[in-house]
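Read through the structure below, which is laid out as structure tokens, and then see the notes.
There are 6 protein chains.
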Amino acid sequence: MQRPSGRAPDQLRAIDITRHYTCHAEGSVLVAFGDTRVICTASVEEGVPRFLRGSGSGWVTAEYGMLPRSTGTRMGREAARGKQGGRTVEIQRLIGRSLRAAIDLKKLGEYTITIDCDVIQADGGTRTASITGACVALVDAINYLQRKKLITTDPLLQMVGSVSVGVYRGVPVLDLDYAEDSAADTDMNVIMGEDGGFIEVQGTAEGAPFGRPELDAMLDLASAGVQQLIEVQKQALAEG
Amino acid sequence: MQRPSGRAPDQLRAIDITRHYTCHAEGSVLVAFGDTRVICTASVEEGVPRFLRGSGSGWVTAEYGMLPRSTGTRMGREAARGKQGGRTVEIQRLIGRSLRAAIDLKKLGEYTITIDCDVIQADGGTRTASITGACVALVDAINYLQRKKLITTDPLLQMVGSVSVGVYRGVPVLDLDYAEDSAADTDMNVIMGEDGGFIEVQGTAEGAPFGRPELDAMLDLASAGVQQLIEVQKQALAEG
Amino acid sequence: MQRPSGRAPDQLRAIDITRHYTCHAEGSVLVAFGDTRVICTASVEEGVPRFLRGSGSGWVTAEYGMLPRSTGTRMGREAARGKQGGRTVEIQRLIGRSLRAAIDLKKLGEYTITIDCDVIQADGGTRTASITGACVALVDAINYLQRKKLITTDPLLQMVGSVSVGVYRGVPVLDLDYAEDSAADTDMNVIMGEDGGFIEVQGTAEGAPFGRPELDAMLDLASAGVQQLIEVQKQALAEG
Amino acid sequence: MQRPSGRAPDQLRAIDITRHYTCHAEGSVLVAFGDTRVICTASVEEGVPRFLRGSGSGWVTAEYGMLPRSTGTRMGREAARGKQGGRTVEIQRLIGRSLRAAIDLKKLGEYTITIDCDVIQADGGTRTASITGACVALVDAINYLQRKKLITTDPLLQMVGSVSVGVYRGVPVLDLDYAEDSAADTDMNVIMGEDGGFIEVQGTAEGAPFGRPELDAMLDLASAGVQQLIEVQKQALAEG
Amino acid sequence: MQRPSGRAPDQLRAIDITRHYTCHAEGSVLVAFGDTRVICTASVEEGVPRFLRGSGSGWVTAEYGMLPRSTGTRMGREAARGKQGGRTVEIQRLIGRSLRAAIDLKKLGEYTITIDCDVIQADGGTRTASITGACVALVDAINYLQRKKLITTDPLLQMVGSVSVGVYRGVPVLDLDYAEDSAADTDMNVIMGEDGGFIEVQGTAEGAPFGRPELDAMLDLASAGVQQLIEVQKQALAEG
Amino acid sequence: MQRPSGRAPDQLRAIDITRHYTCHAEGSVLVAFGDTRVICTASVEEGVPRFLRGSGSGWVTAEYGMLPRSTGTRMGREAARGKQGGRTVEIQRLIGRSLRAAIDLKKLGEYTITIDCDVIQADGGTRTASITGACVALVDAINYLQRKKLITTDPLLQMVGSVSVGVYRGVPVLDLDYAEDSAADTDMNVIMGEDGGFIEVQGTAEGAPFGRPELDAMLDLASAGVQQLIEVQKQALAEG
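Protein chains in written order, with our numbering: chain R, 50 to 289; chain Z, 50 to 289; chain C, 50 to 289; chain Y, 50 to 289; chain U, 50 to 289; chain X, 50 to 289.
Pasting the structure below:
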């Protein structure tokens, strides 16, 4: 089996994380997983949603979008159609849940950090790239809060990364690009923490159901892949 | 560890599937997982969405809703608020994907079967009950198509069932009710076929990340649980 | 003249009122007028809409919906289309006005009771069945408020019931089912109180205008019909 | 009893119907019931809604709106709020049904006549003034179709008029203005044809239920009132 | 060159401003620029939008609409379509900005004046007629505030008027009607104050770009035209 | 007078145009006017809107958006709020009109080119940067159509560029950044062609009205500025 991308089954695409990509946001990251490129910004606001007011706890939430021509064929602009599609809603809920697992909301205090993930070029894996980049933007937002002495503790529990795995022509492969994803039998997105624990596992049989051995092989690939991604996150953060 | 429900960790709630629950739909099922009760109807229409026209292939799609007072506190009616919430969208997309795995769409021909899952009473696990009940309604809709000689083949690939599993106070448990779900550390919805293959696996760490051993134990519980549910489906269908 | 249903012109369909149909709502009723079945729940919330705040007066309001496949052909789900249709709005406003006539809002105090009428199977007369069932759910909600000692008076003024009447092939008939309604020249919905007074009268000529004698005959039929319905309400409530 | 308006119980307000009020519409009427002023236009378009295509039958439909400051306090503009309110929907459905009773849709042929009723000044009875004025605009639209030889028959069945009646301080009164309407116990809108038949009767108890004698007295008043309105319509149309 | 309207290039249409056109609004004007007729009302409300609260400053804002059949072909009603179109939004923002230039918002105090411009008949230049009429309605609203002693100063800075200019068959012309506007190469809307200063200039090349000499000629025409319009405004206001 | 940016009154910011910025669109440009950065893509689709079908003419249209955190404070995402704001609508209509002036739509044939301008970082002048960048993307889309031999003529009439001018502390200045724009008395956006003709002129008095001499000075500045921008466009296009 030869992957369309020519990569080894357990090989990530070229991963690149650029911090301080735009100038206004408290955290701003351009993340690239191969040709997939996403701008992830983290915005800090005082106050929390109503259901948390007075609780002393902070909040992390996410929104996701794709530029209309980030894809091969132009998609209608969601703002013009007047609603976010089902896929968008699903992804931004996933990003939000994943990032909340990186943070001790109690230690954050009554601040809301809103993560915006906007895909400027799509080639598969936009949600996993988004989570991986967004976690770095989130850390920069926390750095900002600490630098401004708005919080005195460190609410970061651990870095969180995400990668897709799938079964392509019978072989479990890591980090599928669009061509591979379109042809895969099974597609799984895995979000994990630095400690190797699972935060979210979402596997879908695209064609035939998948068996436990394939599931196990995919989880092995994902575990190794996320640890590499977390290394890249840490290098980016080390560059200050 | 004692479950709030008093059930054994690997014990399903009382499962009940009533066919022909309402009179107009081609398939109409009332499914109960304990106190969770969902009306699942399958509606047959000639024709398919635009992207399938002329392909000879059929389509199966789903919509999900909750009656405003199916829950402990009244929820705003989505029709009145003017949009379906993110959770609704996520669930109905999951139901649709799951049921499409039960069917050979090519054999269905250019018919659309729309599954409506409307929760009239909620006590946890509404999406897994919906999928389990909806698959029976889907079979009745196929029966209708065959009885009317609109199709001459059998597009059913296999029965599909679904159950939730979770980790409650450190112990993996099957088919969580609302009280258990609210207190669980991890929540996973598993959709499987009659053949034991996975169609969809969605696991979320509610608190701390979960490890591979817990994941394995939950998958074991789910596999056994879904096979029991498929037995109940078959008994219901056997009653004609 | 033979009615399609075989009933006498002044004969109601089989009427059935089941209380405590679902477990969460303060009042929950399944009402059947023949094959028309509606779930009516009454939800109690503290507080009132802005225009009543500080007035000491309570509020009763209603929402109405039909499950997509409660009808012979599947209707689009209003939540998915993003708005309630004109017929829905008209009916829920009618239900709300009718039930407010059953209650002394001053005695209710600053509580809001929201009535949800969700049609699970439609065969004509869904609005009249809704009002008739909803009034029982409303009484159960008041019982709840009294039992919890949240109110100490009895805000119920009188029971309210509703029935449709029409002219079918020249003969005034009571409580039309769908087949009769579709073929009727005139259709009138009458909402009355226990005391025989009119709360709402809505008559529409479907074909030719109707004369005063037909109007008089329909009102006579309706008056007798509503009194029978109020008897059924009272029996249901007597069962505790 | 003295009416706030000083009118006799059976006395209409000053009624005025001005044809050709604006220049673009096929029928354009300014109707005044006292201080209530409504612009009613009738627009002719070739073709009919989908459910009538190929049937040979035409269609008449209506839309209703109020200028934001037609009332004592400025109302939010429905176009800006992004939806028509329940009252608007109810009224425009009523206008449409009423006008369809004036026309033999088969004779109209596959044309759609859309009636727009826009209230520029409101003082009670906007729906009854709308129907009364709109029927004249509708006749002018039919005149247009005949003049242009687009239809060769006369689809007009009869003129249709409408008036409100109510019980004010125990006395049945005709054509209530805003001050009277706000204080009335019962409010009824009656739509009738030239032949004295009822097209629509909508009575609502605002306070206590109303009895049959009051209902009878209101219907008597309305019958006489609508016949006077139809005289005014005919005079306006006679002026060519 | 002969204008379709027969007017001289620098000649306005017949301009008419009728005050007190409807009875409820604090300012109510019917303005006619030839066959273009617009109802402009000014509504006074206590309070200001959130961004001005506590600033001591007032606010002036505008909304614009067209009756569906104000035009040659019926336009869909924006309230029914559920949103205001781009042209509507653009025009109402322009009207609001223009009128704020007429007022010292600080002297107005914390009142909001909402201007509604509703076109009942359109023949080109609806936005310029709206601004010109609305400024008179605005003055009447200020008169109301002074008469009621709600403000003691005069917030009016100067009258504001507006006219369109264009290039028709190579000749700059003033105040284009619909026939001229449709055939013009360039279309410019100019809003000016009594003192001859520019408040807004919006010029658009409909066909070929326009040069500086044409621009200069159009601005000259507009300057003279607006001064005439301001004379008409003052005469209308002098009539008390 | 010293501009906050330290630039001379007639000095543009650093202008940069990067072609082929993303890989999917037929034309894709990143344009920078100082710190203002906009992604402009041009998407080619066969077919035209309904009003042009069969006319042989093509269409160019534009959509505009800002990433939520392109600005100093996070703006709500328009897709999440369910509608595009008034400013967005105004700007995208302006971009569309401006670009249509660059093209002979007849020579384009029945293709639609959709321009998306998405601001990733805002510092004033986003609409003028958008138009200037979009015109380059448009040329690349035309190049694509020619290269694919889908069209054989050259529909480009001329390059179109845009710049803002304003009066800052009494001095006319070119290409205002956010700090300058916020403090300016007058703000004007000018769109011009390569031939020096005006395509659109939109000037707004932010404080006091502006006189003809200021208007003239601003137009002089803009004319020179746009010619420089067109030079930059041409250099970018020359790089192939």
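Beta carbons are placed, not taken as given, at the ideal position from N, Cα and C, and that holds for glycine.
Computed from a predicted structure; not experimentally measured.
Notebook entry, point to check: For R/Y70, which three-state DSSP category applies?
Noted result: The DSSP-derived three-state label of R/Y70 is coil.
Check: Quick one: complete alpha helix (DSSP H) runs, 4+ long, within the segment 79 to 145 of chain R?
Finding: Taken in chain order, the complete alpha helix (DSSP H) segments of 4 residues or longer contained in the segment 79 to 145 of chain R are 127 to 130.
Notebook entry, point to check: Based on the DSSP output, what are the partners of C/Y217 in its beta bridges?
Noted result: C/V220
Next item on the list: Using three-state DSSP, classify X/L205 as helix, strand or coil.
Entry: strand
Notebook entry, point to check: Are the beta-carbon atoms belonging to X/A233 and X/G215 less than 7 angstroms from one another?
Noted result: yes
Next item on the list: Report the residue from Z/Q133, Z/I64, Z/F82, Z/A150 whose alpha carbon sits nearest the alpha carbon of Z/V188.
Entry: Z/A150
Notebook entry, point to check: If we ignore side chains and look at the alpha-carbon of each, how far apart do U/D95 and Y/R123 end up?
Noted result: Before going further, note that residue 95 of chain U is Glu rather than Asp in the sequence given. Their backbone Cα atoms lie some 12 angstroms apart in a straight line.
Checklist line | Of the listed residues Z/I279, Z/T161, Z/F100, nearest to Z/E243 (C-alpha basis) | finding: Z/I279
Item checked: Classification of Y/L199 by the beta-carbon crowding that lies within 10 angstroms, buried from 16 upward -> By the beta-carbon neighbour count (other beta carbons within 10 angstroms, threshold 16), Y/L199 is exposed.
Item checked: Alpha carbon of X/H69 to alpha carbon of R/T163, nearest angstrom -> 31 angstroms
Notebook entry, point to check: For a contact meaning CB atoms closer than 7 angstroms, what does U/Q133 contact in chain Y?
Noted result: A128, A129
Notebook entry, point to check: What does DSSP give as the partner residues of Y/E321 in its beta bridges?
Noted result: The requested residue 321 of chain Y does not occur in the structure, where chain Y is confined to residues 50 to 289.
Notebook entry, point to check: In chain order, what residues of the segment 245 to 269 of chain C put their CB closer than 8 angstroms to some CB of chain Y?
Noted result: G245, G246, F247, I248, E249, V250, Q251, G252, T253, A254, A257, P258, F259, G260, R261, L264, L268
Checklist line | Alpha-carbon spacing of R/A129 relative to X/Q133, whole angstroms | finding: Going by C-alpha positions, R/A129 is about 6 angstroms away from X/Q133.
Margin query: Give me the subset of the segment 105 to 117 of chain U whose CB atoms are less than 8 angstroms from a CB atom of chain X, sorted by chain position.
Written below: Taking 8 angstroms as the upper bound on Cβ-Cβ separation, chain X lies near no residue of the segment 105 to 117 of chain U.
Check: Considering only C-alpha positions, which residue in the set R/M237, R/A63, R/G103 is nearest to R/Y160?
Finding: R/G103
Notebook entry, point to check: Of all Cβ atoms in chain U, is any one closer than 7 angstroms to the Cβ of X/E243?
Noted result: no
Next item on the list: Give the secondary structure of U/Q51 by DSSP, where H, G and I count as helix, E and B as strand, and everything else as coil.
Entry: coil
Checklist line | beta strand (DSSP E) segment containing R/D165, residue limits | finding: 160 to 170
Margin query: Helix, strand or coil, according to DSSP, for C/D59 in the structure here?
Written below: coil
Margin query: If we define contact as Cβ-Cβ less than 7 angstroms, is R/R142 a contact residue for chain Z?
Written below: yes
Check: For Z/D284, is the classification buried or exposed, using 16 other Cβ atoms within 10 angstroms of its Cβ as the cut-off for buried?
Finding: In the sequence as displayed, the identity of residue 284 of chain Z is Gln instead of Asp. Its Cβ having fewer than 16 others within 10 Å, Z/Q284 is exposed.
Notebook entry, point to check: Between the segment 177 to 197 of chain R and chain X, which residues of the former have a C-beta closer than 7 angstroms to a C-beta of the latter?
Noted result: For chain X, none of the residues of the segment 177 to 197 of chain R brings a beta carbon within less than 7 angstroms of one of its beta carbons.
Item checked: Reduced DSSP category for R/G210 - H, G, I as helix; E, B as strand; rest coil -> strand
Check: Measuring CB to CB, does U/Q141 end up less than 7 angstroms from U/A111?
Finding: Note that the C-beta distance between U/Q141 and U/A111 is below 7 angstroms.
Margin query: Given this structure, state the Cα-to-Cα distance separating Y/Y217 from C/R261, to the nearest angstrom.
Written below: In this structure, the CA atom of Y/Y217 is about 23 angstroms from the CA atom of C/R261.
Item checked: Residues of the segment 57 to 79 of chain U whose Cβ lies closer than 8 angstroms to any Cβ of chain Y, in chain order -> Of all residues in the segment 57 to 79 of chain U, T71, C72, H73, A74, S77 have a Cβ within less than 8 angstroms of some Cβ in chain Y.
Checklist line | Any chain U beta carbon closer than 7 angstroms to X/V138 | finding: yes
Item checked: Chain-ordered neighbours of Z/T163 on chain C, where CB pairs are closer than 7 angstroms -> By Cβ distance, chain C contributes R123.
Notebook entry, point to check: Of the residues that make up the segment 142 to 156 of chain X, which ones have a beta carbon closer than 7 angstroms to any beta carbon in chain U?
Noted result: Taken in chain order, the members of the segment 142 to 156 of chain X whose beta-carbon sits within less than 7 angstroms of a beta-carbon on chain U are R142, R146, A150.
Checklist line | N-terminal and C-terminal residue of the alpha helix (DSSP H) that R/G182 is part of | finding: 175 to 196
Margin query: Do C/T120 and C/A171 count as a contact pair if the criterion is CB distance below 7 angstroms?
Written below: yes
Item checked: Backbone secondary structure at X/G260 - three-state DSSP -> coil
Item checked: Rounded distance between the beta-carbons of U/R118 and Y/T90, thought under 8 angstroms -> 4 angstroms
Check: Buried or exposed: which applies to C/Q51, given that a residue is buried once 16 or more other Cβ atoms fall within 10 Å of its Cβ?
Finding: Classified as exposed, C/Q51 has fewer than 16 neighbouring CB atoms from the shown chains inside 10 Å of its CB.
Notebook entry, point to check: R/I64 by DSSP, collapsed to three states: which one?
Noted result: strand
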